[in-house]
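**Student:**
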Amino acid sequence: MAKVLVKGNEAIAQAAINAGCQCYFGYPITPQSEIGEYMGKHLPKLGRVFITAESELASINMVIGAGTTGTKAMTSSSSCGIALMQEALSAMCCAQVPGVIVSVMRGGPGLGNIAPAQADYFQALKGGGNGDYKIIVLSPSTVQEAIDLTYRAFHLALKYRNPVMLLADGILGQMMEPAEFGEYPYKDPDVSEWALDGANNRPARNVVSLHMPEGAMEELTNEIFEKYELVAQNETTYEDYKFADAKLVLTAFGSVGRVAKAAVDRAREEGMKVGLFRPITLFPFPDKDLNKVAQKADMILDLELNKGQMLLDVRSAVFGACPVEFYGRTAGGLLTPDMIFNKIKELYSTLENKTQAGVR
Amino acid sequence: MKGDLSVIISGFGGQGALFAGILLCHAAVFEGKHTTWFPAYGAEMRGGAVNCSVNISDREVPSPVIDEADAVIALNDASQEKFEHKVKSGGFMIINSSLSHIKPKRTDIDYIKIPLNELAQKLTQPAFVNVIALGAFLEKTKILKIESVKEVMKEMAKTVSAKKAALLPNNLESIEFGANIIRQQMVTV
Chain A
3 MAKVLVKGNE AIAQAAINAG CQCYFGYPIT PQSEIGEYMG KHLPKLGRVF ITAESELASI
63 NMVIGAGTTG TKAMTSSSSC GIALMQEALS AMCCAQVPGV IVSVMRGGPG LGNIAPAQAD
123 YFQALKGGGN GDYKIIVLSP STVQEAIDLT YRAFHLALKY RNPVMLLADG ILGQMMEPAE
183 FGEYPYKDPD VSEWALDGAN NRPARNVVSL HMPEGAMEEL TNEIFEKYEL VAQNETTYED
243 YKFADAKLVL TAFGSVGRVA KAAVDRAREE GMKVGLFRPI TLFPFPDKDL NKVAQKADMI
303 LDLELNKGQM LLDVRSAVFG ACPVEFYGRT AGGLLTPDMI FNKIKELYST LENKTQAGVR
Chain B
13 MKGDLSVIIS GFGGQGALFA GILLCHAAVF EGKHTTWFPA YGAEMRGGAV NCSVNISDRE
73 VPSPVIDEAD AVIALNDASQ EKFEHKVKSG GFMIINSSLS HIKPKRTDID YIKIPLNELA
133 QKLTQPAFVN VIALGAFLEK TKILKIESVK EVMKEMAKTV SAKKAALLPN NLESIEFGAN
193 IIRQQMVTV
């Protein structure tokens, strides 16, 4: 199949359709409104469900309803809209309801603005919902990867019976580039063991997030966390870009990852040993792999379009193996290849000086 | 010109700056090249400032965000002011002299002044300043063939409403006319 020129948001929507998404529930918000628009245009023609909900709260609760029947369902929103969904995400993790949530980040806090940002890393990864829970978070850096990870999101949601978030940002949502859809590559698990499909000829069952008997909630939480352990073992993914011999390793997720590549290439052209470690799954975070990289590197430079959020996970993974620096902009301020390159030059010269002085 | 090129196309909402960029990207894909299109616009509708950054390359494009552009197409005066400093040294800027009387500030870039709105009046109406500018840009850079854009236009016409599809001949005329401006040196450089 040939490559087509496609906008990030529309690529995500078409990929969801290809993945077999039966229901889309959403409320419009910039910079992701094209997802709902696209779904509204195409889902009804396929005999599938499209509902413009009255609010984000309603959208995510409709996803829960569909999810309990084992149906592939999704919603999409942006920063302040995702904020309204946190209670439901916690409930989904507890009741083990699959569902896909697309978050296309814009400037915040508050209503913020409609410019691209990455300041909802904490929101996605550290949650605003109550209790011990984790959602699986996938971070695309190209339109092609947005397609591939949308496929993966639907599969993982069913495989692990957990909400999966595709965490994109306004750059990726709004940009266009050539990409290929291919076909949905996964074989999804049977849901008949747990899905609410009508209790005809079988005992009644329920899917709930309230577990009152003594010890029941702790037992369930332990089970769910064993599942998260499996997710970490099986699903952790990252991209290695020229970091094998790198003295300075950049860390970046999403669209910043691709911008950082341009800076790495320039630094390499000027003889600087610089590489990039780009987490693709944010939960599970590739902490063991990053630690290995940090053991060999002289310094890590974390780059984000926020005030330093993934930074905490980077520091935790590096665990003192080498110094970690941070460089970022936020709320619509963008990092360009030049800006990153200049920061690389500045930090790299301090490394050279240290080496010359015999300090490591 | 070499295989890599970055351009910022800017104007006020309604002038078609974003669409000119989309045409350019489709033509790049048509020729099998890598490309990115990244828009920036305020919350405004018609009349607000809009621009898009387009990269065309033989290799994968790492950054859709442009530091310095090889070229800027400024469809109005505000765009000229906003993006004059973004042109790479040795690059060029297309200025719409129908809507901008601002004196160029730099000596290290070329300025191509085209009275786009006035020239558009000479063509079958409606004619399109964005497409005329794109024709001039392509003829100047030779980054893609004018024919590729025409093919893309014909393909697009098949997927849009009949009302829009009826404007295909006007679009074809505008792009050819834009290219002719450069071919026949009908401009003050």
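Those protein sequence lines, which keep their order, are chains A and B.
Here the first sequence is numbered in this note's numbering, starting from 3 and rising by one per residue.
Here the second sequence is numbered in this note's numbering, starting from 13 and rising by one per residue.
Glycine included, each C-beta is placed from N, C-alpha and C at the ideal position.
1. Using a threshold of 7 Å, is the CB atom of residue 188 of chain A nearer than that to any non-hydrogen atom of the ligand HEM?
2. Inspect the beta-carbon positions of residue 332 of chain A and residue 119 of chain A and report whether they are closer than 8 Å.
3. Could you give the uninterrupted runs of the alpha helix (DSSP H) lying entirely in the segment 61-116 of chain B, keeping only those of 4 residues or more?
4. Straight-line CA distance for residue 175 of chain B to residue 169 of chain B?
5. Smallest Cα separation from residue 235 of chain A: which of A:205, A:175, A:154 and A:288?
6. Less than 8 Å between CB atoms is the rule here; does residue 147 of chain A satisfy it with respect to chain B?
7. Look up residue 17 of chain B in the DSSP assignment and give the residues it is bridged to.
8. Please state if the CB of residue 168 of chain A and the CB of residue 19 of chain A are separated by a distance shorter than 8 Å.
9. Residues of chain A with CB under 7 Å from residue 50 of chain B, in chain order?
10. Go ahead and label residue 195 of chain B buried or exposed: buried means 16 or more other beta carbons lie within 10 angstroms of its beta carbon, across all protein chains shown.
11. For residue 3 of chain B, go through chain A and note every residue whose CB falls closer than 7 Å to its CB, in chain order.
12. Starting from the beta carbon of residue 97 of chain B, find every residue of chain A whose beta carbon is closer than 9 Å, and list them in chain order.
13. Return no unless some Cβ of chain B is closer than 8 Å to the Cβ of residue 180 of chain A.
14. Less than 8 Å between the C-beta atoms of residue 137 of chain A and residue 285 of chain A, yes or no?
15. Using three-state DSSP, classify residue 312 of chain A as helix, strand or coil.
16. Please list the segments of the beta strand (DSSP E) lying wholly inside the segment 212-285 of chain A, counting only runs of 3 or more residues, in order along the chain.
17. Among A:272, A:171 and A:163, which one has its Cα closest to the Cα of residue 229 of chain A?
18. How close, in whole Å, do the beta carbons of residue 27 of chain A and residue 77 of chain A come, if the pair is a contact with beta carbons under 8 Å?
19. Can you list, in chain order, the residues of its chain whose CB lies under 8 Å from that of residue 208 of chain A, leaving out five sequence neighbours each side?
20. Can you tell me whether DSSP reads residue 130 of chain B as helix, strand or coil?
21. Measuring alpha carbon to alpha carbon, tell me which residue in A:189, A:213 and A:23 is nearest residue 41 of chain A.
22. If you run the structure through DSSP and keep just helix, strand and coil, what is residue 9 of chain A?
23. Does residue 84 of chain B get closer than 8 Å to chain A when you measure Cβ to Cβ?
24. Is residue 73 of chain A helix, strand or coil when you go by DSSP?
25. Determine the chain B residues that contact residue 5 of chain A at a beta-carbon separation under 8 Å, and present them in chain order.
26. Kindly indicate which three-state DSSP category residue 138 of chain A falls into: helix, strand or coil?
27. Applying the 10 Å Cβ sphere with the 16-neighbour rule, what's the burial state of residue 227 of chain A?
28. Assuming residue 34 of chain A contacts residue 80 of chain A under a Cβ cut-off of 8 Å, what Cβ separation, rounded to an integer in Å, is found between them?
29. Whole angstroms are fine: how far does the CA of residue 304 of chain A sit from the CA of residue 323 of chain A?
30. Mind listing the chain B neighbours of residue 263 of chain A? Cutoff is C-beta to C-beta under 7 Å, in chain order.
31. What does the Cβ neighbour count give for residue 67 of chain B, buried or exposed, with the cut at 16 atoms within 10 Å?
32. Just mark residue 124 of chain A as buried or exposed, buried being the case when its beta carbon has 16 or more other beta carbons within 10 Å.
33. Using a beta-carbon distance below 8 Å, is residue 331 of chain A in contact with chain B?
34. Within 10 angstroms of its Cβ, does residue 87 of chain A collect 16 or more other Cβ (buried), or is it exposed?
35. Indicate the three-state DSSP secondary structure (helix, strand or coil) for residue 162 of chain A in the structure shown.
36. With distance defined between alpha-carbon atoms, name the residue in A:107, A:110 and A:60 nearest to residue 91 of chain A.
**Tutor:** Reading it off the structure:
1. Only the bare structure without any ligand can be found here, which leaves the ligand HEM out of the picture.
2. In the first sequence, counting from the first residue as 1, residue 332 of chain A sits at position 330. In the first sequence, counting from the first residue as 1, residue 119 of chain A sits at position 117. Against a cut-off of 8 Å, the Cβ pair of residue 119 of chain A and residue 332 of chain A comes out as a contact.
3. Here the runs fully enclosed are 89-95.
4. Numbered from its first residue, the second sequence carries residue 175 of chain B at position 163. Numbered from its first residue, the second sequence carries residue 169 of chain B at position 157. C-alpha separation (whole angstroms): 10 Å.
5. For this step, residue 235 of chain A is matched to residue 233 along the first sequence. Residue A:288 is the option with its Cα nearest to residue 235 of chain A.
6. Taking the first residue of the first sequence as position 1, residue 147 of chain A is located at position 145. Judged by the 8 Å Cβ criterion, residue 147 of chain A is not in contact with chain B.
7. Position 5 of the second sequence, counting from 1, holds the residue named residue 17 of chain B. Partner(s): B:68.
8. Your numbering for residue 19 of chain A matches position 17 in the first sequence. Your numbering for residue 168 of chain A matches position 166 in the first sequence. Result no, Cβ atoms of residue 19 of chain A and residue 168 of chain A do not sit closer than 8 Å.
9. Working through the second sequence from its first residue, we reach residue 50 of chain B at position 38. Result: 173, 176 and 177.
10. To locate residue 195 of chain B, count along the second sequence from 1; it is residue 183. Exposed, because fewer than 16 other Cβ atoms sit within 10 Å of the Cβ of residue 195 of chain B.
11. Here chain B has residues from 13 to 201 only, and residue 3 of chain B is not among them.
12. If you number the second sequence from 1, residue 97 of chain B lands on position 85. For a Cβ distance threshold of 9 Å, nothing in chain A lies close to residue 97 of chain B: the least Cβ distance comes to about 13 Å.
13. For the purposes of this step, residue 180 of chain A is identified with residue 178 of the first sequence, where counting begins at 1. True, the Cβ-Cβ gap to chain B drops below 8 Å.
14. Here residue 137 of chain A refers to the residue found at position 135 of the first sequence. Here residue 285 of chain A refers to the residue found at position 283 of the first sequence. Against a cut-off of 8 Å, the Cβ pair of residue 285 of chain A and residue 137 of chain A comes out as a contact.
15. Working through the first sequence from its first residue, we reach residue 312 of chain A at position 310. Secondary structure of residue 312 of chain A (DSSP, three-state): helix.
16. Fully enclosed beta strand (DSSP E) runs of 3 or longer: 240-243, 250-253, 276-281 and 283-285.
17. For the purposes of this step, residue 229 of chain A is taken as the residue at position 227 of the first sequence. When each option's Cα is compared against that of residue 229 of chain A, the closest is A:163.
18. Walking along the first sequence from the start, residue 27 of chain A turns up at place 25. Walking along the first sequence from the start, residue 77 of chain A turns up at place 75. Correct: roughly 5 Å between the Cβ atoms.
19. Along the first sequence, read from residue 1 onward, the residue named residue 208 of chain A stands at position 206. Excluding sequence neighbours, residue 208 of chain A sits near 198.
20. Taking the first residue of the second sequence as 1, we reach residue 130 of chain B at position 118. In the structure shown, residue 130 of chain B adopts helical secondary structure according to DSSP, grouped into three states.
21. Reading the first sequence from its first residue, position 39 is the one you call residue 41 of chain A. Cα-wise, what sits closest to residue 41 of chain A is A:23.
22. Position 7 of the first sequence, counted from the first residue, corresponds to residue 9 of chain A. Three-state result, residue 9 of chain A: strand.
23. Stepping through the second sequence from its first residue, residue 84 of chain B is reached at position 72. Chain A, which has no Cβ nearer than 8 Å to the Cβ of residue 84 of chain B, makes this no.
24. Here the question's residue 73 of chain A lines up with position 71 in the first sequence. Of the three classes helix, strand and coil, the one that applies to residue 73 of chain A here is coil, per DSSP.
25. In the first sequence, counting from the first residue as 1, residue 5 of chain A sits at position 3. Going along chain B in sequence order, the residues near residue 5 of chain A (Cβ under 8 Å) are 41.
26. Position 136 of the first sequence, counting from 1, holds the residue named residue 138 of chain A. Looking at residue 138 of chain A - three-state DSSP - the assignment turns out to be strand.
27. On the first sequence, position 225 is the one that residue 227 of chain A refers to. Looking at its Cβ environment, which holds fewer than 16 other Cβ atoms inside 10 Å, residue 227 of chain A is exposed.
28. Translated into the one-based positions of the first sequence, residue 34 of chain A becomes position 32. Translated into the one-based positions of the first sequence, residue 80 of chain A becomes position 78. Taking the Cβ atoms as the reference, residue 34 of chain A lies roughly 5 Å from residue 80 of chain A, within the contact range of under 8 Å.
29. As a working note, residue 323 of chain A is residue 321 in the first sequence. As a working note, residue 304 of chain A is residue 302 in the first sequence. Each residue's alpha carbon lies about 15 Å from the other.
30. Your numbering for residue 263 of chain A matches position 261 in the first sequence. For residue 263 of chain A, the C-beta contacts it makes with chain B under 7 Å involve 74, in order along the chain.
31. The sequence position of residue 67 of chain B within the second sequence is 55, counting from 1. By the 16-neighbour rule on beta-carbons within 10 angstroms, residue 67 of chain B is buried.
32. For this step, residue 124 of chain A is matched to residue 122 along the first sequence. The residue in question, residue 124 of chain A, is exposed, as its Cβ has fewer than 16 Cβ neighbours within 10 Å.
33. Locating residue 331 of chain A in the first sequence gives position 329, counting from the first residue. Taking CB atoms only, residue 331 of chain A has no neighbour in chain B less than 8 Å away.
34. Here the question's residue 87 of chain A lines up with position 85 in the first sequence. Flag for residue 87 of chain A reads buried.
35. As a position in the first sequence, residue 162 of chain A is number 160, starting the count at 1. The answer is helix: DSSP assigns residue 162 of chain A an H, G or I state.
36. Position 89 of the first sequence, counted from the first residue, corresponds to residue 91 of chain A. Out of A:107, A:110 and A:60, A:60 has the C-alpha closest to the C-alpha of residue 91 of chain A.
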